[in-house]
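Notes follow once the structure below has been shown.
Here it is as structure tokens:
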């Protein structure tokens, strides 16, 4: 599979934030959105392959992450603010419409972007399924999502996660794997203010009062093609919240499970993700 050397990210000043952005290649635009606690380099393998295949790849460090700005205010991390960032970024880059892939919280942003605008041509959701499907997945999924409530307590995760050289973080989210991904995440989170910024995504968007509410949200039904990918060994997400996405779509839904795959599909299962994206975004 072809690869190219990617350029260095650039700083892009938008109306509400300055983001670090990879913008590489020519051709149809593909927007890649990472989640907690990553940066755009999570998508390195996919970006290289997509550019080599004739696409233009735009991959920002979302607000609070990587080398992008980290606002202090918790409310700055509300989902609608990041959706607005992405729309402003597309405007700044001169892109009217794009295929989009999201992972983790980036999937949440991607779903919201596709549901709230007509600028997404195709969507690939990695790890996190449709918001309605997540909501309908019941107590089993809520049990896996326990950390979302824990993250809301100011000062607690900030103390526990870095303790003993990030022992809980390594054991829980990475099953003890010490590779480039683990080291990059820890180095990023260890910077002043970075862990708080990442946790603020949860503090701004997770409401304990509705955490177990399964009442349908009544979201519009997407007609664009959607790809869903799920790692069968994901410690934080169940399969039902991904496979159930099909019930809330009017367009085609393709489900690609990754046997033995953990949560970090783009980095730890790069060929499977790259092949799936090239197939889903094929012209």
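In UniProt numbering, the protein residues as written are 1 to 283. Glycine is no exception: its CB is placed at the ideal position from the N, C-alpha and C atoms. As the structure is a prediction and not an experimental result, all values here were calculated from the model.
Distance from residue 278 to residue 126 at the Cβ level is roughly 14 Å; contact not present, criterion being Cβ atoms closer than 8 Å.
Excluding sequence positions up to five before and after residue 195, its CB lies within less than 6 Å of the CB of 158 and 189, all in the same chain and listed in chain order.
Counting along the chain, the unbroken alpha helix (DSSP H) around residue 270 starts and ends at 270-280.
The residues 255, in chain order, have a CB closer than 7 Å to that of residue 243 in the same chain once the five nearest residues on each side in sequence are set aside.
For residue 107, the three-state secondary structure derived from DSSP is helix. Taken through DSSP and simplified to helix, strand or coil, residue 182 comes out as helix. Using a 10 angstroms sphere on the CB of residue 149, the tally of other CB atoms stays under 16, which defines it as exposed.
Spatial neighbours of residue 67 in its own chain (CB-CB distance under 6 Å, excluding positions within 5 residues in sequence) are listed in chain order as 20 and 61.
Restricting attention to 172, 247 and 208, the CA atom closest to the CA of residue 218 is found in 247.
For residue 151, the secondary structure class from DSSP, reduced to helix, strand or coil, is coil.
Considering only 227, 235 and 29, the residue with the shortest C-alpha distance to residue 97 is 29.
Boundaries for residue 61: no beta strand (DSSP E) harbours it, and the DSSP string shows neither H nor E there. Here the alpha carbons of residue 274 and residue 206 stand approximately 31 Å from one another. Where residue 231 is concerned, the enclosing beta strand (DSSP E) starts and stops at 226-231.
When Cβ pairs closer than 8 Å are counted between the two stretches, the segment 78-90 is seen to touch the segment 107-122, the count reaching three or more. Scanning its chain for C-beta atoms nearer than 7 Å, with the 5 sequence neighbours on each side dropped, one finds around residue 260 the residues 232 and 233, in chain order.
Bounds of the beta strand (DSSP E) holding residue 122 are 120-126.
In terms of CA proximity to residue 258, 269 leads the group 269, 250 and 251.
Judged by DSSP in its simplified three-state form, residue 253 adopts strand. Residue 23 is bridged by DSSP to 58. With contacts defined by Cβ atoms closer than 8 Å, residue 51 and residue 24 form a contacting pair.
Across the structure, residue 47 and residue 103 are spaced so that their CA atoms are roughly 14 Å apart.
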